[in-house]
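As given, the protein sequences belong to chains D and Z, one line each in that order.
Going by our numbering, the letters in the first sequence line up with residues 2 to 141, in that order.
Going by our numbering, the letters in the second sequence line up with residues 16 to 156, in that order.
Beta carbons: idealized from backbone N, C-alpha and C, even for Gly.
Below is one structure; the comments refer to it alone.
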Amino acid sequence: MSELQSYASISVGQTLPEVEQVVDQHMIDAYADASGDINPLHIDPEFAKTTIFGRTIAHGLLTLAFVSRVLSTWNWQGWAYGGELNIAFLGPVYPGDTVRVCGEIDAIFQRDEGVYARCQLVCYCAEKPVVKGFAVCKIN
Amino acid sequence: MSDYVTYDSLTEGDDFLNPVPVYKVTQEAVDKYILATNDSTLELQQTGSDNTRIAPPMLAAVYVIEALRTRVGPPGGIHAKQQFKFYRPAMIGETLYTSATVIKLYQKKGRNYVEMSTDTKNEKGELITSGMITRIWGKES
């Protein structure tokens, strides 16, 4: 695997277009309905009060949908056809939070199938990281 | 008897989804997902020359979790880590089959963790998505 500093118009250090999304209980409920994930931690305030979070939290996978929006906007073909994601959930997203998804290319490398870029990804609520990891997408 | 799977009943290597769960990718399910996630990606609104429409890659979060529902832990469990590889997007009208295997069971800071790998294929056996999920098991009463 050979590493490159840039390929075509893509280079190490470039940032991806950010996405900001306000998450409210209505959105969490809609995601629960769409996904079928009706864990009461997300949709039942009384149950959520009994957990370490003290109130409902968004599905982690809802936050990943925002990550997918960033990667789709940046490089639809490379993301949807062969894209890889590897993330950890660091903290909860509460109703009322604004999630900001940031990405930066930190590596470009050649594989047998083509040229790929690795993007470091962080989702923030205010300045606190709630999701962190990376994606790998083909760029040629 | 509880209505959820207990942590102690899980075993590493357990290939527990038999029969393999089935998920039909419907227009309604995709529209609901796109609306719920506020996804305006242009490619998701287009119809192909063969009249096909594609689902968002991250719909995997729905059909994989749906498949794991037969091994759901107690309420309050949370997602710790997630890996996905998208071979291609699922198409509306496709039927997906997700198999899953318990890879690792471990404890950290007094909490029970479950790592599971998943593979999703369509009716022709084409690989659509593979993944790895780490879940913190909910507290069992």
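Partner residues on chain D for residue i, Cβ-Cβ distance less than 7 Å
{"i": "residue 53 of chain Z", "result": "22"}
N-terminal and C-terminal residue of the beta strand (DSSP E) that residue i is part of
{"i": "residue 23 of chain D", "result": "20-23"}
{"i": "residue 89 of chain Z", "result": "Careful: residue 89 of chain Z lies outside any beta strand (DSSP E) and carries neither H nor E."}
{"i": "residue 116 of chain Z", "result": "110-123"}
{"i": "residue 111 of chain D", "result": "99-112"}
{"i": "residue 34 of chain D", "result": "Unbroken run through residue 34 of chain D is the alpha helix (DSSP H), 26-36; no beta strand (DSSP E)."}
{"i": "residue 42 of chain Z", "result": "Where residue 42 of chain Z is concerned, there is no enclosing beta strand (DSSP E), although the alpha helix (DSSP H) it sits in stretches over 42-52."}
{"i": "residue 57 of chain Z", "result": "First-last for residue 57 of chain Z: undefined, no H or E at that position."}
{"i": "residue 88 of chain D", "result": "85-90"}
{"i": "residue 143 of chain Z", "result": "142-151"}
{"i": "residue 81 of chain Z", "result": "Counting along the chain, residue 81 of chain Z falls outside any beta strand (DSSP E), though it belongs to the alpha helix (DSSP H) covering 75-83."}
{"i": "residue 17 of chain D", "result": "No beta strand (DSSP E) holds residue 17 of chain D; DSSP gives it neither H nor E."}
{"i": "residue 134 of chain D", "result": "129-139"}
{"i": "residue 9 of chain D", "result": "First-last for residue 9 of chain D: undefined, no H or E at that position."}
{"i": "residue 136 of chain Z", "result": "126-137"}
{"i": "residue 63 of chain Z", "result": "That residue, residue 63 of chain Z, is in no beta strand (DSSP E); it is neither H nor E in DSSP."}
{"i": "residue 3 of chain D", "result": "3-5"}
{"i": "residue 39 of chain Z", "result": "37-39"}
{"i": "residue 125 of chain D", "result": "115-126"}
Endpoints, alpha helix (DSSP H) assigned at residue i
{"i": "residue 62 of chain D", "result": "61-81"}
{"i": "residue 22 of chain Z", "result": "Premise fails: residue 22 of chain Z is in no alpha helix (DSSP H) and is neither H nor E."}
{"i": "residue 49 of chain D", "result": "46-50"}
Partners in chain Z for residue i, counting only beta-carbon separations shorter than 8 Å
{"i": "residue 61 of chain D", "result": "93, 94, 97"}
{"i": "residue 82 of chain D", "result": "101, 102, 103, 104"}
{"i": "residue 52 of chain D", "result": "91"}
{"i": "residue 16 of chain D", "result": "Here the premise fails: no neighbours, minimum Cβ distance about 19 Å."}
{"i": "residue 74 of chain D", "result": "56"}
Residue i, buried or exposed, once every other Cβ within 10 Å from all chains shown has been counted against 16
{"i": "residue 143 of chain Z", "result": "buried"}
{"i": "residue 136 of chain Z", "result": "buried"}
{"i": "residue 130 of chain D", "result": "exposed"}
{"i": "residue 34 of chain Z", "result": "exposed"}
{"i": "residue 150 of chain Z", "result": "buried"}
{"i": "residue 98 of chain D", "result": "buried"}
{"i": "residue 97 of chain Z", "result": "buried"}
{"i": "residue 153 of chain Z", "result": "buried"}
{"i": "residue 53 of chain D", "result": "exposed"}
{"i": "residue 64 of chain D", "result": "buried"}
{"i": "residue 85 of chain Z", "result": "exposed"}
Chain-ordered chain D contacts of residue i [CB-CB under 8 Å]
{"i": "residue 50 of chain Z", "result": "31, 35"}
Contact list for residue i against chain Z, beta-carbon separation under 9 Å
{"i": "residue 42 of chain D", "result": "90, 91, 92, 93, 153"}
{"i": "residue 48 of chain D", "result": "90, 91"}
Chain-ordered chain Z contacts of residue i [CB-CB under 7 Å]
{"i": "residue 65 of chain D", "result": "73, 76, 97"}
{"i": "residue 70 of chain D", "result": "54, 56"}
Count the CB pairs spanning the region 81-95 of chain Z and the region 133-141 of chain D that are closer than 8 Å, and state whether there are at least three.
Because the criterion of three Cβ pairs below 8 Å is not met, the region 81-95 of chain Z and the region 133-141 of chain D do not touch.
Of all the residues that make up the region 93-106 of chain Z, which are near chain D by a beta-carbon distance shorter than 9 Å?
Only 93, 94, 95, 96, 97, 98, 99, 100, 101, 102, 103, 104 from the region 93-106 of chain Z bring a Cβ to less than 9 Å from some Cβ of chain D.
Is there contact between the region 69-77 of chain D and the region 4-24 of chain D, where contact requires at least three CB pairs shorter than 8 Å?
The region 69-77 of chain D is in contact with the region 4-24 of chain D.
Members of the region 23-39 of chain D that neighbour chain Z once the beta carbon cut-off is set at 8 Å:
Within the region 23-39 of chain D, the residues whose Cβ lies closer than 8 Å to some Cβ of chain Z are 28, 31, 32, 34, 35, 36, 37, 38, listed in chain order.
Examine the Cβ distances between the region 33-47 of chain Z and the region 91-110 of chain Z and report whether three or more of them are shorter than 8 Å.
Touching, yes.
Does the region 115-132 of chain D come into contact with the region 123-137 of chain Z, if we say contact requires no fewer than three beta-carbon pairs (one atom in each stretch) closer than 8 Å?
Taking one beta carbon from each stretch, the region 115-132 of chain D and the region 123-137 of chain Z have fewer than 3 pairs nearer than 8 Å; the two do not touch.
Determine which residues of the region 57-86 of chain Z have a Cβ less than 7 Å from any Cβ of chain D, and write them out in chain order.
Here the close residues are 58, 71, 72, 73, 76, 77, 80, 81.
Whether or not the region 46-64 of chain Z and the region 40-49 of chain D are in contact is what I'm after, with contact meaning three or more pairs of Cβ atoms, one per stretch, closer than 8 Å; do they touch?
Contact between the region 40-49 of chain D and the region 46-64 of chain Z is absent, with fewer than three C-beta pairs closer than 8 Å.
Taking only beta carbons into account, state which residues of the region 82-102 of chain D come closer than 9 Å to chain Z, listed in chain order.
Under the 9 Å Cβ criterion, the region 82-102 of chain D contributes 82, 83, 84, 85, 86, 87, 88, 89, 90, 93.
So, do the region 17-26 of chain Z and the region 7-15 of chain D have three or more beta carbon pairs nearer to each other than 8 Å?
Too few Cβ pairs lie closer than 8 Å, so no.
Select from the region 108-127 of chain Z all residues with a C-beta closer than 8 Å to any C-beta belonging to chain D, and list them in chain order.
The region 108-127 of chain Z vs chain D, Cβ under 8 Å: nothing.
Answer yes if the region 27-42 of chain D comes into contact with the region 76-86 of chain Z, meaning at least three C-beta pairs across the two stretches below 8 Å, and no otherwise.
The region 76-86 of chain Z makes contact with the region 27-42 of chain D; the number of CB pairs closer than 8 Å reaches 3 or more.
Near-chain D residues of the region 34-50 of chain Z - C-beta to any C-beta below 8 Å
Hits within the stretch, in order: 44, 47, 48, 50.
Report yes or no: do the region 111-120 of chain Z and the region 90-110 of chain D share at least 3 C-beta pairs separated by less than 8 Å?
Segments in contact, no.
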